[in-house]
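Going down the list, the protein sequences come from chains A and B. Just so you know, we're using this note's numbering here: the first sequence kicks off at 1 and counts up by one. Just so you know, we're using this note's numbering here: the second sequence kicks off at 1 and counts up by one. The structure appears right after this line, and notes come after that.
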Amino acid sequence: MQYMLILAAAPDAWATNEPADDGVFDDWALYTRALHAAGVLQAGQGLHGNDTATTVRVRDGRATVTDGPFTEAKEHLIGYYVLDVADLDEAIAWASRAPNARIGSVEVRPVMPGSATAEVLADGAAD
Amino acid sequence: MTAADDDAWRDERARVIGWLARKLGDLALAEEATQDALEAAAAEFAHGRRIERPGAWLTTVAYRKAVGIIRKRRPDTVPMSDELERFVAGGGDDGDPPSSPLGDDLFALLFACCHPAIGHDQQIALTLRHVCGLSTAQIAAVFLVPEPTMAKRLVRARDKIKHAGIPLRVPAVDQLDDRIEQVRTVLYLAFTEGWLGSAGDIAISDELCEEAIWLTRHLATFDRTPETIGLLALMLLQHARRAARTDDDGHLVEFARQDRTRWDRSAIDEATALLASAHDGSIGRYRVEAAIALLHVVGEEPDWPRIADLYRVLAGVNSSPVVGLNAAIAVGMADGPLAGLAMLDQVEADGRLTDSCSLHVARAEFLDRSGDRAGALAAWRAALTLAPNDAYRQALERRRPGGPA
């Protein structure tokens, strides 16, 4: 089953990040390599900070463009992974080791099976 | 059918649902097929026929019902997984299931229903519905919501299990302690709901307590730690007093005035034996609460000094304000009303316990004992306004400080 790990953390929370014996990786590169070595990594990317975000909405035929993220949450979106694992427990186990888990949050969301994107990209590759 | 038969069917029902849910990947379908099979069993009994081996019978019939439902509903265009194909291949009106439920199918179902990814209210609802077999209507009554609301809640919870991939299996060893703790919480809440009877329906309340005890017994075969055994003992000790809680007119009787001959002695004896074996040097809240409950029922009068000591220990592992309140009551009984009143003031100052009827009842009692009749009356009136239900209010009205008005 595929899960997206949605990584969030408040920007000033990193100041309190002390290494601890809790299974959490202290380094994104090491975490990513561990996911790959376990054969579960499908995709992943870091995102530039909230200050670089732009939100687009179209209402009544008019597009409004505003500065900032779509939600005013205290924790900011910082990146994502897509993992392919056996079940939710395995996804949770990996989520609990993400470097932001100790000072932020990791949302674990199941990815819908079947993907128009995958089909379209596969068709494109065949051309 | 005897009570032992009832228990056998209850066990097999939960085991078969767990087994089917794992094989089909669909808890709702497993529930439906098993329910159909149980109705067929009821028809057999109605015709005076006995079923010699409930487990084998229910497995086979539920399996055939499941295959029937799948074949009727599944459009040919929707692909079945290879595993599911193989599972239903042997089915039909007289097919035999390709496997049988295992001992851990009941626990797989229980742990899945109590998975931390499921909201707390839904954990209890799922457990009561699928492991215990209560109807949606009964569970709705417990939670004081309309039946369609509860039905929707259950659907959402089952969807979460399916779409989020919550596994139907006993958790891995390194997760087990936490997950067992989660299950204990759910079972304790179910029992407490039954005991407090906020639904106001004695039948459902008693059934809840009995289901909670039945499941905790199962958990205790799986996990023999003092906390799980302590939880079972705690439930047995409270449930033992069930028949004495109300008098023949249906009025609530306070503990001190209960007819002890109505207490279930065999349940108390069983709890005593369980607690005697449940030691490993650790201090857990259920184990301590059970020890406190035991001290209430042995001997002529509760041993208040020892109870007060145990509440001090309990406060170390459970800082809930209710524990503080009960500790204050024990101290008041052990060391005199003024000591009790001082502690009650602390509990109130803590601020977390608002609108607590019990706090005012305790204050009224201790003010009365200390000779402050006017203060006792004022506290009693405050308690009356906060009574959680009619039965409780009526019982309180009969305990006016200084006698009837």
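Quick reminder that beta carbons are idealized off the backbone N, C-alpha and C, glycines included.
- Taking the CA atoms as reference points, L77(A) sits about 37 Å from F143(B).
- Put simply, the CB of L30(A) is far from chain B, with every gap to its CB atoms at 9 Å or more.
- D5(B) is a Cβ neighbour of P54(B), given a cutoff of 9 Å.
- Chain B has no Cβ within less than 9 Å of the Cβ of D67(A).
- For P110(A), the chain B residues whose C-beta falls within less than 8 Å of its own C-beta are H163, A164 and G165, listed in chain order.
- Residues of the same chain with a CB within less than 8 Å of the CB of V183(B), apart from the 5 flanking positions on each side, are L110, F111, C114 and L219 in chain order.
- Of all residues in the stretch 81-108 of chain A, only D87, L88 and D89 come within less than 7 Å of chain B when Cβ atoms are compared, listed by chain position.
- Below the 7 Å Cβ cutoff, chain A contributes L88 as neighbours of A117(B), in chain order.
- The CB of M1(A) comes closer than 7 Å to the CB of G165 in chain B, given here in chain order.
- Taking the CA atoms as reference points, F366(B) sits about 17 Å from R257(B).
- Between R153(B) and A30(B), the alpha-carbon positions lie close to 18 Å from each other.
- Proximity of A172(B) to chain A, defined by a Cβ-Cβ separation below 9 Å, is satisfied.
- Using beta-carbon distances, Q175(B) counts as an interface residue toward chain A, with a partner under 9 Å.
- Excluding the 5 residues flanking it on each side, E289(B) has same chain C-beta neighbours closer than 6 Å at L234, in chain order.
- In this structure, A276(B) and L237(B) do not form a Cβ contact; the two beta carbons are roughly 13 Å apart against a cut-off of 8 Å.
- By a beta-carbon distance limit of 8 Å, F70(A) does not contact T52(A). Their separation comes to about 14 Å.
- Take M333(B), set aside five residues on each side of it, and the residues of its chain with a beta-carbon closer than 8 Å to its own are P302, W304, I307, A308 and G340, in chain order.
- In the three-state reduction of the DSSP assignment, H36(A) falls in the helix class.
- Between the stretch 72-91 of chain A and the stretch 1-9 of chain A, the count of Cβ pairs shorter than 8 Å is three or higher; the stretches touch.
- At a Cβ-Cβ threshold of 9 Å, V24(A) and V85(A) do not count as neighbours.
- When the five nearest sequence neighbours on each side are left out, the beta carbons in the same chain lying within less than 8 Å of the beta carbon of A362(B) are those of L325, A328, I329, G332, G340 and L344, in order along the chain.
- In this structure K162(B) is in contact with D26(B), their Cβ atoms being roughly 7 Å apart against a cut-off of 8 Å.
- Partner residues in the beta bridge of Y80(A), as assigned by DSSP, are I6(A) and Q45(A).
- Linking I283(B) to L338(B) through their CA atoms gives a straight-line distance of about 30 Å.
- Taking 9 Å as the cut-off, the Cβ atoms of I213(B) and A278(B) do not count as close.
- According to the DSSP assignment, D87(A) belongs to no beta strand (DSSP E), since it is labelled neither H nor E.
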